[in-house]
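Engineer: Below you will find the structure I want to go over with you.
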């Protein structure tokens, strides 16, 4: 299973873009990169996922490097409600999600 | 998507007792998972519970301590047996819908367990 590493914490000013990095240097060719977030006292919530190409949805954008060894989740206009712990996960062929330590994002007014 | 409920939402238990946590999904799913989240920590996968087969436990988790039932495609239970204060955690269930186009897991709200 590919292990992911993320910074422990980050701050972002409200209204600015939040860029959350993730390293997954051992990811295999068929493992997707998923991003979830967990707002305090709630279950994790799906944000976005990708394999090779950059992806965008209504919540965020995902930029995956060409060698797939790292990715960046971008929240284009962070709000206070985006304060949460963000998890980057490499989905293995057994369909089990192994969560790393995550990044605690604090959006500052 | 899926709506997942867990019961109880929280409980305070005495050491040496057992607690059974229920997970109910509003649609039929094959794959269900149970996670533990210790205070201030990330989620740790306990086991995979597929209907019609024995649960598969991750390293460090055993059936005697965390027996799991999966009687049908919408329901599962996790029992935390012979509890100690170290079992104080949030326990979450999740379900997975397999693609195409992709797999996605949905999580329940969690059960907050405190063992005294």
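Chains as they are written, first to last, in my numbering: chain A, 291 to 399; chain B, 456 to 571. Positions of the beta carbon are idealized from the N, C-alpha and C atoms, including for glycine.
Taking the alpha-carbon of residue 315/A as reference, which of 336/A, 359/A, 304/A has the nearest alpha-carbon?
Structural biologist: As a first step, residue 315/A is located in the first chain; it is residue number 25 there, counting from the start. Measuring from the Cα of residue 315/A, the nearest candidate turns out to be 359/A.
Engineer: Taking only beta-carbon positions, decide if residue 539/B is within less than 8 Å of chain A.
Structural biologist: Within the second chain, residue 539/B is the residue found at index 84, counting from 1. Taking Cβ atoms only, chain A never reaches closer than 8 Å to residue 539/B, which makes this a no.
Engineer: When Cβ atoms are compared, which residues of the segment 524-536 of chain B fall closer than 9 Å to chain A?
Structural biologist: Taking 9 Å as the Cβ-Cβ cut-off against chain A, none of the residues of the segment 524-536 of chain B qualify.
Engineer: How many angstroms separate the CA atom of residue 485/B from the CA atom of residue 399/A?
Structural biologist: Locating residue 485/B in the second chain gives position 30, where the first residue counts as 1. Locating residue 399/A in the first chain gives position 109, where the first residue counts as 1. Taking the straight line joining both Cα atoms gives about 43 Å.
Engineer: Using only CA atoms, which one of 474/B, 549/B, 465/B lies nearest to residue 335/A?
Structural biologist: Counting from 1 along the first chain, the entry for residue 335/A is found at position 45. When only C-alpha atoms are compared, the closest one is 549/B.
Engineer: Based on Cα-Cα distance, which residue from 494/B, 544/B, 489/B, 537/B lies nearest to residue 531/B?
Structural biologist: Position 76 of the second chain, counted from the start, is the residue given in the question as residue 531/B. Taking only the C-alpha atoms, the option nearest residue 531/B is 489/B.
Engineer: Quick one, are the C-beta atoms of residue 304/A and residue 368/A less than 8 Å apart?
Structural biologist: Here the question's residue 304/A lines up with position 14 in the first chain. Here the question's residue 368/A lines up with position 78 in the first chain. Yes, the pair counts as a contact, with Cβ atoms nearer than the cut-off.
Engineer: So, with DSSP's three-state summary, where would you put residue 528/B?
Structural biologist: Locating residue 528/B in the second chain gives position 73, counting from the first residue. Correct three-state label for residue 528/B: coil.
Engineer: Tell me whether the segment 347-358 of chain A and the segment 462-477 of chain B touch, counting them as touching only if at least three CB pairs, one residue from each stretch, are closer than 8 Å.
Structural biologist: Because the criterion of three Cβ pairs below 8 Å is not met, the segment 347-358 of chain A and the segment 462-477 of chain B do not touch.
Engineer: Relative to the C-alpha of residue 355/A, which residue among 323/A, 372/A, 366/A is closest?
Structural biologist: Locating residue 355/A in the first chain gives position 65, where the first residue counts as 1. Answer by Cα proximity: 323/A.
Engineer: Mind checking whether the beta-carbon of residue 504/B lies closer than 7 Å to any heavy atom of the ligand COA?
Structural biologist: The ligand COA is not among the ligands present in this structure, which contains no ligands whatsoever.
Engineer: Compare the C-beta of residue 507/B with all C-beta atoms of chain A and state if any pair is closer than 8 Å.
Structural biologist: Here the question's residue 507/B lines up with position 52 in the second chain. No - not a single Cβ of chain A is within 8 Å of the one on residue 507/B.
Engineer: Would you kindly check if the distance between the Cβ of residue 563/B and the Cβ of residue 478/B is under 8 Å?
Structural biologist: For the purposes of this step, residue 478/B is taken as residue 23 along the second chain, with counting starting at 1. For the purposes of this step, residue 563/B is taken as residue 108 along the second chain, with counting starting at 1. Yes, the Cβ-Cβ distance between residue 478/B and residue 563/B is below 8 Å.
Engineer: 8 Å is my cut-off, CB to CB: does residue 376/A come that close to chain B?
Structural biologist: Within the first chain, residue 376/A is the residue found at index 86, counting from 1. Judged by the 8 Å Cβ criterion, residue 376/A is not in contact with chain B.
Engineer: From residue 474/B to residue 535/B, what distance separates their C-alpha atoms?
Structural biologist: Sequence index remark: in the second chain, residue 474/B carries index 19 (1-based). Sequence index remark: in the second chain, residue 535/B carries index 80 (1-based). Taking the straight line joining both Cα atoms gives about 5 Å.
Engineer: Residues of chain A with CB under 8 Å from residue 514/B, in chain order?
Structural biologist: In the second chain, residue 514/B corresponds to position 59, counting from 1. The contacting residues do not exist; residue 514/B stays about 11 Å from chain A at best.
Engineer: Express the C-alpha separation of residue 386/A and residue 365/A in angstroms, rounding to a whole number.
Structural biologist: Residue numbering aside, residue 365/A sits at position 75 when the first chain is read from its first letter. Residue numbering aside, residue 386/A sits at position 96 when the first chain is read from its first letter. Taking the straight line joining both Cα atoms gives about 26 Å.
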